[in-house]
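Peer 1: A single structure is presented below for examination.
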Amino acid sequence: MTVPVSLGERSYSIHIEAGALQTLAGLPAAAFSGEVALISNATLAPIVTDGIARQLEERGQRVVRFDMGDGERYKTLDTASLAFDTLAEAGFSRRGAVWAVGGGVTGDLAGYVAATWMRGVSFVQVPTTLLAMVDSSVGGKTGVNHPRAKNLLGAFWQPVGVLIDPTCLQTLPKRELGAGLAEVIKYGVIADAKFFGWLEENLDAILGGDAEATAYAIQRSCEVKAEVVGQDERESDSVGRRATLNYGHTFGHSLEALKAGDERGSFLHGEAISVGMTVEAQLGIELGTIGRAEGEELIERQTRLFERAGLPTRTPDLNFEAAWRAMTLDKKNRGAEVNFIVPKTLGEVVRVQAGEDTVRVAMSK
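Taking numbering that gives the first Met the number 0, the leading residue of the sequence shown gets 0, the next gets one more, and so forth.
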């Protein structure tokens with residue numbers, strides 16, 4: 000199945016097919032126009048990336064490899080600089096294409112490298128985690144973290160194609176699968192109440208590895224994001240439709256930052272987002288964008304899905320003042336209040352601004 004992302008001359012397709020990594024079918028000619036730089040991580044290399052490299056070499060492609068460390072702590076300018084060194088030593092030209100093979104961290108960093116190497120080269124996304132398949136591989140956001148904030152350095156750089164092979168998820172740890180499902184559930188809340196209901200009926204099938212249910216969840220998630228990105232590619236000052244994709248992310252990003260390196264347990268991105276969606280749904284109730292009874296029902300239904308996926312909904316030990324400071328540093332904010340996306344009803348959300356006292360109440364519920 001193919002999902003189009005309509006962006007004029009930057010349009011591309013998301014090709015979803017079981018076994019796609021065995022053939023590399025579904026990618027455009029631009030993916031193979033010159034040499035290929037495979038950016039992956041050392042953990043994934045023997046499982047997936049080595050096989051892709053062999054196929055490319057059999058096609059006559061020159062392949063350059065850069066295997067980065069595994070984890071968010073490697074999404075830095077230092078790692079990007081090492082990738083640039085590898086490309087420079089290999090004499091990598093402007094005709095080449097950078098392929099990201101891995102999860103969201105790999106995709107973000109590889110996209111940043113592609114966007115900035117010789118002012119931009121072709122970029123291909125080959126996501127191997129559910130989170131990357133339904134979220135970070137689609138839409139063109141690339142970047143690396145700065146000590147002061149996540150994704151502070153980056154660019155919008157659309158791929159020429161996205162290749163998704165759902166069979167990659169067969170070996171994905173259960174916790175990683177759950178983290179990806181947080182974003183899948185998000186799409187139901189922000190844009191498609193019918194899909195949310197479908198998830199309530201089919202989540203156990205996805206968790207059990209059902210191929211048909213998993214493929215549909217990926218497809219529908221990509222369709223929602225592709226539609227949003229097609230209408231608002233660059234998140235126009237947080238007032239366009241793309242901002243709706245940030246439901247759960249304002250609070251979630253602060254939680255990720257504060258818990259990073261915590262010896263009692265850091266949060267995966269999706270785990271932080273499930274907590275953020277809970278808080279931001281409650282914020283919608285406090286601000287009156289959704290009626291209290293309807294909002295409480297939405298939170299209850301969200302929570303049931305999160306719990307079935309093994310996702311958290313609360314962090315009782317989180318210091319509010321520290322969380323608020325982290326939220327105010329978000330690059331999408333303007334002035335003293337913080338931007339949030341909150342529900343109007345199941346399947347529709349709205350952008351609001353909220354002050355410290357209101358957020359404190361929502362977080363305490």
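In this text, a Cβ means the ideal position worked out from N, Cα and C, and glycines have one as well.
1. Within 10 Å of its beta-carbon, does A181 have 16 or more other beta-carbons around it, so buried, or fewer, so exposed?
2. Unbroken beta strand (DSSP E) runs of length 3 or more, entirely within the region 22–69: which are they?
3. Exposed or buried, what is D107 when buried is set at 16 or more other beta-carbons lying within 10 Å of its beta-carbon?
4. Name, in chain order, the residues that DSSP records as bridge partners for S12.
5. Can you name, in chain order, every residue of its own chain whose Cβ lies under 8 Å from the Cβ of Y111, other than the five neighbours on each side?
6. Hey, quick one: how far does the beta strand (DSSP E) through W98 stretch, first residue to last?
7. Beta-carbon separation of L183 and V133 under 8 Å?
8. Thinking C-beta only, is S92 closer than 8 Å to E34?
9. Determine the contact status of F339 and E296, defining contact as a CB-CB distance below 8 Å.
10. Would you mind giving the Cβ-Cβ distance between R240 and V223, rounded to the nearest angstrom? I have them listed as a contact below 8 Å.
11. Between K185 and Y246, is the Cβ-Cβ spacing less than 8 Å?
12. Less than 8 Å separating the beta-carbons of A30 and G95?
13. Can you tell me the Cα-Cα spacing of G269 and V104, whole angstroms?
14. If you draw a straight line from the C-alpha of V137 to the C-alpha of E234, how long is it?
15. Mind reading off the beta-carbon distance from I38 to A82? Whole number of angstroms is fine, and I expect it under 8 Å.
16. I need the DSSP call for R350, collapsed to helix, strand or coil.
17. Taking A322 and L254 to be in contact with their CB atoms under 8 Å, please state how far apart those CB atoms are, rounded to whole angstroms.
18. Compare the Cα-Cα distances from A361 to each of G208, G346, T312 and report the closest residue.
19. Going by Cα to Cα distance, which pick from A325, W98, Q281, E56 is closest to K343?
20. Measuring CB to CB, does F4 end up less than 8 Å from Q218?
21. Tell me the DSSP secondary structure of P179 in three-state form.
22. Please work out which residues of its chain come closer than 8 Å, Cβ to Cβ, to T288, disregarding the five sequence neighbours upstream and downstream, and give them in chain order.
23. State the DSSP-derived secondary structure class of G160, mapped to helix, strand or coil.
24. On the criterion of 16 or more Cβ atoms from any shown chain inside 10 Å, does K74 qualify as buried, or is it exposed?
25. Quick one: what's got a C-beta closer than 6 Å to L206's C-beta in the same chain, skipping five residues either side?
26. So V125 packs on W98, CB below 8 Å; how close in whole Å?
27. Determine whether the Cβ of I13 lies closer than 8 Å to any Cβ atom of chain C.
28. How many angstroms separate the CA atom of G229 from the CA atom of G25?
Peer 2: Taking the structure as given:
1. buried
2. Those beta strand (DSSP E) runs which fall completely within the region 22–69 and span 3+ residues are 35–40, 62–67.
3. Result: buried.
4. P3
5. A79, T141, G142, V143, L152, G153, A154, W156
6. 96–101
7. For clarity, residue 183 is Val in the given sequence; the question names Leu instead. Going by C-beta atoms, V183 is nearer than 8 Å to V133.
8. yes
9. no
10. In this structure, R240 and V223 do not form a Cβ contact; the two beta carbons are roughly 11 Å apart against a cut-off of 8 Å.
11. Less than 8 Å divides the Cβ of K185 from the Cβ of Y246.
12. no
13. 13 Å
14. 14 Å
15. The beta-carbon separation of I38 and A82, rounded to 6 Å, stays under the 8 Å limit for a contact.
16. strand
17. 7 Å
18. T312
19. The alpha carbon of K343 has as its nearest neighbour, out of A325, W98, Q281, E56, the alpha carbon of Q281.
20. Strictly speaking, residue 4 in this sequence is Val, with Phe absent from that position. The answer is no: Cβ separation not under 8 Å.
21. This sequence places Gly at residue 179; Pro is not what is there. When DSSP states are grouped into helix, strand and coil, G179 belongs to the helix group.
22. V341, P342, K343, V349, V351
23. strand
24. Buried, by the Cβ-count rule.
25. none
26. 6 Å
27. Absent from the structure is chain C; it holds one protein chain and no more.
28. 20 Å
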